[in-house]
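As given, the protein sequences belong to chains L and D, one line each in that order.
Counting from 9, one number per residue, gives the positions in the first sequence under our numbering.
Counting from 12, one number per residue, gives the positions in the second sequence under our numbering.
Where is the CB? At the ideal position from N, CA and C, for every residue including glycine.
Treat the numbers as computed from the prediction; the structure is a model and nothing was measured.
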Amino acid sequence: MFKKILIANRGEIALRIICACRELGIKTVAVYSEADENSLHVRFADEDVCIGPPRSTDSYLSVPAIISAAEITGADAIHPGYGFLSESAYLAEVCEACHIKFIGPSPNVIRLLGDKARARRAMRKAGVPILPGSEGPVDSEEKALKVAKDLGLPVIIKAVAGGGGRGMRVIRDMKELSKALKTAQREAEAAFGVGDVYIEKYVENPRHIEFQVLGDHHGAVVHLGERECSIQRRHQKLLEEGPSVAVTEKMRRKLGGAVVDAARAVQYTNAGTFEFLLDDKQNFYFLEVNTRVQVEHPVTEFITGVDIVKEQIRVAAGERLSFKQGDVTFTGHAIECRVNAEDPETFAPSPGVIHAFSVPGGPGVRVDTFAHSECTVSPYYDSMIAKIIVHGRDRQEAIARMRRTLEMTVIEGIKTSIPLHLKIIADPDFVAGRLSTAFMERYIVEKKPSTGSLAETA
Amino acid sequence: MEFSDIERILALVKEHDLAEFELEREGLKIRVRKSGGVPTMFHAASPALPLLQATAAPQALPAAAPAAAAGPVGPRLDEEESLELAVVKSPIVGTFYRSPEPGAASFVEVGQRVKKDQVLCIIEAMKLMNEITSEYDGEIVTAYVENGKPVQYGERLFAIRTA
C-alpha cells in the first residue's frame, strides 16, 4: 500500500481524496497555486507544496511542477482527481518513468479511449452498441455527403480529439453540410490542435446515461450501475441521479454486461465511466469513456455503498477489488446538485468572498465542498463550489430531501445556482422523470427582454 | 493592441498608484512595473510575478543542457532608505543547489558582488538542472535556503542589495 499520495488537484475533489487517504492511513501531499494558499485541501493535507501562480497552465496543469513536487516530498503515488491532468496520458507516462504510481488506467488505455474515433472502433469490436457513423475521421466533402445520406438526417459533425461541445455541428438539411464541415474542422483545429472530425447519427432529445466501471490488475472488472445526467446546459452537467427511471433491471444487466466486456477487451483498470445516449425506444448508443473518477461519483457511492476513491487507491496499489459483481446491490435513489458560484438566471460567474456558509445535516445528506465562511471563491478555476447529494428510499423521498436541503443551505456573499436547482426539482417534467438533454432549454428560452415595448409586438 | 491603449494603461497605473500591472491576451503580454517615484514597502514574502519562468520542455525527460532562467524579483524598498533590496524567488518546484556539483565551490556567497545574468544557483526538477540567474547587479545580502533542500514555487532564495 502507498505511504504517501500526492493529490494533483484542488477544491472538493482534493478533499475527497484526502478523506480516503486519511481513512486508509496514507499520508497526503497537497499542491496548490498561489490563489489557493488558504484552501482547505492545503490545510488538511500532511504536506503542501506551492507549484505556481494562479493560472492553471502554470500550476495545476504543469506536469513538471507536479512531478517535481512528488519528487521533493517522496510521494509514491499521484491521484489526478478529475479535470486538469486526470486524462493526460503524458502525465501517466511521466509517472511511470519516475517510478510514481499514477492512480488511474495505463497510458495506453487513456490514449486509446481519449481518441473518440479509436474508442468507437474498440467499442464496436467489443459488442457495445454505438451510434452509427463514419468509421474514422471524415476527410472529404464527398465522404461526408455519402455518410450523411447512409445514416439519414439528422447527423452531427464532431471533433475527433474534442469534447465539451466544441467542434460540433448538427445538420438537419443536406444543404448545410459542406459549410458546417469546414467550420467544424476549423473549430476543432483551434480548440484541440487536431482538425479531424467524424460524423454520427444525431439522436433528438436523448437521455444521457453513464455506467460506472471499476477494474483491478488481476483481471476483475465490475460495473456499479448507471447514473442519469440529462440535466445539462451547454454540455455541462447540473444535476445527476441514480438509478435512471428509464433503465429497467433487464436493460441494466444487459448494457452493464456489455460495458464490462468492453472494459475487459481494452484491459481497463481503475475507475472509469462509459457514457451513452438513450433514445425513447430503449436503444443505447455509446458516446465516450471518461478514464477517471467523475464529479458525480457520490451518486453511485450512495446507492451501492462502494467507496470508489478507496477502490481506486487500492487497485493502483495492486490489490484486488474488494467485491464481485454479484455483491453489487442498488438501494434507494440518490440525486446530486452541482452548486456553482454563478447567477442562477444569467449563468454569469460570481466569484468573491463567502460571508456565511451553512449546510444542513440530517439523514441521507452528503455535502462535498471546499467552501466555508470567509473563504474566497477565486475567478481562476471552474465555478463549482459544492456538491449536495441526497439519498432516499425512493425517488420521491430523494426529491423531497433535496428540496429541504437546498432550502436550508446558506451561502451568502456570492450568487449560487441553488435557486435554479430548486426550480428544476419542482418542475413537473422532472418530478415525472420526463428528462432529456433538452430539458434545460426551458430555463434559457424563458429569458425575455425586459423592455415592455419589445414584449408587446404581435 | 494600439499604442493609445498602452498610453491609457500607463496613465491608469500612474493614476491608481499601482506598483505592478500585467495584461495578457491574444498572444500579447504586457507587464508594467513602477520603479522609484512612489515609495513601496519592502515585503519579503510578497508574491511578485516572475519575469521569466524556467519550465522544463514537456517533451524532454532526462537531463539535457541546463536551462537558463531569471529568478523573479520582489518590489523595491522605500526610496528614502539607502538600501534597495531585491528578493530572488524560485520560479519552479525542485531541489536547490548552491554549487554546480557536490564538492565544488558555491556559485555565490553572502557578501559577494554579482552581475546581471550571473548564475546564482541550480534548481533541479525532473532530472533537469535549471540555472537561476540574477536579474540585477548587486551584492548578495542573504541566502535563504540550505544546499540540497527542496524549494517550492515562489520560495525566497536570495536577497540582493542593488544600490
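Local Cβ density within 10 Å of residue i, reported as buried at 16 or more and exposed below that
i                        : result
proline 105 (chain D)    : The identity of residue 105 (chain D) in the sequence shown is glycine, whereas the question assumes proline. Glycine 105 (chain D) should be labelled buried.
alanine 356 (chain L)    : exposed
leucine 21 (chain D)     : exposed
valine 229 (chain L)     : buried
glycine 358 (chain L)    : According to the sequence as given, residue 358 (chain L) is serine; it is not glycine. Counting Cβ neighbours within 10 Å, serine 358 (chain L) comes out buried, since at least 16 surround it.
alanine 198 (chain L)    : exposed
proline 113 (chain D)    : exposed
methionine 182 (chain L) : exposed
From the options, residue whose alpha carbon lies closest to that of residue i
i                           : options                                : result
valine 156 (chain D)        : D:Leu29, D:Leu21, D:Leu168, D:Glu13    : D:Leu168
histidine 363 (chain L)     : L:Val347, L:Val385, L:Glu353           : L:Val385
serine 252 (chain L)        : L:Glu218, L:Met416, L:Ala266, L:Glu415 : L:Glu218
valine 314 (chain L)        : L:Asn17, L:Glu420, L:Ala28             : L:Ala28
proline 368 (chain L)       : L:Thr377, L:Phe282, L:Asn298           : L:Thr377
histidine 380 (chain L)     : L:Glu420, L:Phe92, L:Ala406, L:Asp351  : L:Glu420
alanine 97 (chain L)        : L:Gly135, L:Ala83, L:Gly112            : L:Gly112
leucine 139 (chain D)       : L:Pro72, L:Phe310, L:Ser64             : L:Pro72
aspartate 148 (chain D)     : D:Glu95, D:Pro111, D:Glu142            : D:Glu95
isoleucine 311 (chain L)    : L:Gln275, L:Arg346, L:Leu286, L:Arg403 : L:Arg403
valine 317 (chain L)        : L:Pro88, L:Met416, L:Leu263            : L:Pro88
phenylalanine 365 (chain L) : L:Met416, L:Lys245, L:Ser114           : L:Met416
histidine 49 (chain L)      : L:Gln275, L:Ile80, L:Ala22, L:Ala342   : L:Ala22
histidine 225 (chain L)     : L:Lys262, L:Pro427, L:Val274           : L:Val274
asparagine 213 (chain L)    : L:Arg174, L:Asn291, L:Thr281           : L:Asn291
isoleucine 34 (chain L)     : L:Ala16, L:Arg24, L:Tyr40, L:Phe10     : L:Phe10
Residue i, DSSP secondary structure in three states
i                           : result
histidine 226 (chain L)     : coil
isoleucine 34 (chain L)     : coil
histidine 363 (chain L)     : coil
isoleucine 118 (chain L)    : helix
glutamine 302 (chain L)     : coil
glutamate 353 (chain L)     : coil
cysteine 29 (chain L)       : helix
cysteine 383 (chain L)      : coil
leucine 430 (chain L)       : helix
arginine 172 (chain D)      : strand
glutamate 257 (chain L)     : helix
arginine 272 (chain L)      : helix
phenylalanine 310 (chain L) : helix
lysine 318 (chain L)        : helix
serine 41 (chain L)         : strand
arginine 174 (chain L)      : coil
glycine 159 (chain D)       : coil
isoleucine 17 (chain D)     : helix
aspartate 435 (chain L)     : coil
proline 111 (chain D)       : coil
glutamate 101 (chain L)     : helix
histidine 231 (chain L)     : strand
leucine 14 (chain L)        : strand
Per DSSP, the bridge partner or partners of residue i
i                        : result
leucine 65 (chain L)     : Checking the sequence shown, residue 65 (chain L) turns out to be threonine, not leucine. In DSSP, threonine 65 (chain L) forms no bridge with anything.
methionine 9 (chain L)   : Methionine 9 (chain L) pairs with nothing; no bridge assigned.
leucine 246 (chain L)    : Leucine 246 (chain L) is not bridged to any residue.
isoleucine 217 (chain L) : L:Glu236, L:Phe284
alanine 78 (chain L)     : For alanine 78 (chain L), which the question treats as bridged, DSSP gives no partner whatsoever.
isoleucine 345 (chain L) : Note on residue identity: the sequence assigns cysteine, not isoleucine, to residue 345 (chain L). Bridge partners of cysteine 345 (chain L): L:Leu247, L:Ile396.
alanine 324 (chain L)    : None, per the DSSP bridge assignment.
lysine 124 (chain L)     : Bridge partners of lysine 124 (chain L): none, in fact.
asparagine 278 (chain L) : L:Gly223
glutamate 296 (chain L)  : L:Glu283
lysine 100 (chain D)     : D:Arg167
Proximity below 8 Å, CB of residue i to CB of residue j
i                       : j                          : result
valine 178 (chain L)    : proline 162 (chain L)      : yes
threonine 413 (chain L) : histidine 216 (chain L)    : no
lysine 395 (chain L)    : glutamate 20 (chain L)     : yes
tyrosine 389 (chain L)  : arginine 51 (chain L)      : no
valine 268 (chain L)    : histidine 231 (chain L)    : yes
valine 202 (chain L)    : valine 155 (chain L)       : no
valine 307 (chain L)    : alanine 279 (chain L)      : no
serine 145 (chain D)    : isoleucine 171 (chain D)   : yes
alanine 130 (chain L)   : leucine 139 (chain L)      : no
alanine 271 (chain L)   : glycine 223 (chain L)      : yes
valine 37 (chain L)     : leucine 14 (chain L)       : yes
glycine 135 (chain L)   : alanine 266 (chain L)      : yes
valine 336 (chain L)    : leucine 329 (chain L)      : no
valine 102 (chain L)    : alanine 77 (chain L)       : no
lysine 190 (chain L)    : glycine 141 (chain L)      : no
valine 24 (chain D)     : phenylalanine 32 (chain D) : yes
glutamate 344 (chain L) : isoleucine 407 (chain L)   : no
aspartate 287 (chain L) : valine 211 (chain L)       : yes
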